[in-house]
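Scroll down for the structure; my scribbles are underneath it.
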Amino acid sequence: MSAVNDSLVIARRNLIRMTRIPEMLLFGVIQPVMFVVLFTYVFGGSLKIGTTTDPDVYKNFLMAGIFAQTVTFATAGAGAGIADDMHKGLIDRFRSLPMARGAVLTGRTVADLVQTAITLLVLAIVALIVGWRPGSAEPTNLGKILGAFGLLLLLGYAFTWIGALIGLSVRTPEAATSGGLIWLFPVTFISIAFVDSSQMTPWLRHIADWNPFSATVQACRQLFGDPGLSQSGAWPMQHPVWASLIYSIVIVAIFRTLAVRKYRRANG
1 MSAVNDSLVI ARRNLIRMTR IPEMLLFGVI QPVMFVVLFT YVFGGSLKIG TTTDPDVYKN
61 FLMAGIFAQT VTFATAGAGA GIADDMHKGL IDRFRSLPMA RGAVLTGRTV ADLVQTAITL
121 LVLAIVALIV GWRPGSAEPT NLGKILGAFG LLLLLGYAFT WIGALIGLSV RTPEAATSGG
181 LIWLFPVTFI SIAFVDSSQM TPWLRHIADW NPFSATVQAC RQLFGDPGLS QSGAWPMQHP
241 VWASLIYSIV IVAIFRTLAV RKYRRANG
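So the sequence shown is residues 1 to 268, counted in full-length UniProt numbering.
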């Protein structure tokens with residue numbers, strides 16, 4: 001309970017900081033909104049989903065990918081924030097206090113999760129405005145829709161721990177931002193987020209089908225009742241909800257352990 005309380009104190013500190021620097025949240029919302037608008041109106045009608053190039057079908061196909069991309073790109077900001085705290089010596093001050101060693105990182109990731117949830121809410125409203133309609137291909141309900149957003153937040157939380165490890169491993173916030181984005185681009189684009197994997201070359205299709213990011217996108221499309229579900233026989237594509245849960249839990253377990261160990265050994 002002491003460790004939980006310490007984590008909540010750090011999370012509260014970061015949330016207060018976010019309210020005092022509102023541009024952090026503003027810019028975090030603007031980027032995914034731009035992706036929604038650009039992908040919807042630039043690529044809509046140009047890419048084939050199944051046997052159709054109907055732009056309305058692509059809108060509903062696209063949104064699960066945009067939601068997943070949004071929660072994963074928040075990783076770069078998390079890593080940069082931790083690197084900034086390291087650079088300013090704040091982490092050393094925390095380490096000198098009688099508090100749980102993992103609380104600083106846990107509190108930071110929880111605060112980032114709250115910010116991601118706010119961004120997702122705004123993004124969902126924008127998606128509805130541009131024409132996204134859950135249940136466009138198969139019937140769905142509110143419980144399934146909320147479950148899909150829960151999987152998205154879990155994926156974002158898992159990837160935030162990767163960002164935390166990167167932030168602790170570099171010397172400057174700029175390096176953390178660059179390092180956080182370099183690996184995100186192949187993870188998000190070698191996937192089923194924006195195109196049907198059946199149109200990829202065989203070796204690339206296998207990578208996309210077993211990508212943890214793809215599992216969450218497939219799970220969200222299934223729960224949202226959106227069109228364009230991958231017909232791949234790969235296990236994550238056939239059981240996407242379970243695959244998404246397993247991938248995210250394993251990522252948290254591995255990278256939280258590595259990040260806390262790095263934090264204990266880090267020098268500000």
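We treat Cβ as the ideally placed atom computed from N, Cα and C, and that holds for glycine.
The model shown is predicted, which means the values in this text are computed figures rather than measured ones.
Task: TRP210, DSSP secondary structure in three states - done: coil
TODO: Out of PRO227, THR70 and PHE185, state which residue places its alpha-carbon closest to the alpha-carbon of VAL122.
DONE: Proximity to VAL122 across PRO227, THR70 and PHE185 peaks at THR70, based on C-alpha coordinates.
TODO: Can you tell me which of LEU245, LEU142 and LEU120 puts its alpha carbon nearest to the alpha carbon of LEU26?
DONE: LEU120
Open item on the list: Just to check my reading of the structure: ASP226 and ALA137 have Cβ atoms closer than 8 Å, yes? What is that Cβ distance to the nearest angstrom?
Closed with: Indeed, because the Cβ distance is near 6 Å, the residues count as touching under 8 Å.
Task: Entirely enclosed alpha helix (DSSP H) segments - the region 174 to 201, minimum 4 residues - done: 184 to 189
- [ ] Would you kindly work out how many angstroms separate the C-alpha atoms of ILE166 and VAL252, rounded to a whole number?
- [x] 14 Å
Task: Nearest-angstrom beta carbon gap, SER244 and LEU153 [assumed within contact, 8 Å] - done: Actually they are not in contact, since the Cβ atoms of LEU153 and SER244 sit about 11 Å apart, beyond 8 Å.
Open item on the list: I'd like the span of the alpha helix (DSSP H) that includes PHE159, first residue to last.
Closed with: In this chain, the alpha helix (DSSP H) harbouring PHE159 covers 142 to 169.
Open item on the list: Buried or exposed for TRP242, going by 16 or more other Cβ atoms inside 10 Å?
Closed with: exposed
Open item on the list: Below 8 Å on the Cβ atoms is my contact criterion, and I expect TRP210 with ALA234 to pass it. Report the Cβ-Cβ distance as a whole number of Å.
Closed with: Separation of the CB atoms of TRP210 and ALA234 is rounded to 6 Å, and the pair is thereby assigned contact status at 8 Å.
- [ ] Look up ARG12 in the DSSP assignment and say whether it is helix, strand or coil.
- [x] helix
Open item on the list: So the candidates are ILE125, ILE190 and SER248; which of them puts its Cα closest to the Cα of ILE30?
Closed with: Closest option to ILE30, Cα to Cα, is ILE125.
Task: Check whether THR172 and THR75 have beta carbons under 7 Å apart - done: Taking 7 Å as the Cβ cut-off, THR172 and THR75 do not qualify as a contacting pair.
- [ ] From the DSSP output, in three-state form, read off MET18 for me.
- [x] helix
- [ ] Report yes if the C-beta distance between TRP132 and ASN14 is below 7 Å; otherwise report no.
- [x] no
- [ ] In angstroms with no decimal places, state the Cα-to-Cα distance between ARG221 and LYS88.
- [x] Straight-line spacing of the CA atoms in ARG221 and LYS88 works out to 42 Å.
Open item on the list: Whether or not the region 105 to 120 and the region 3 to 20 are in contact is what I'm after, with contact meaning three or more pairs of Cβ atoms, one per stretch, closer than 8 Å; do they touch?
Closed with: yes
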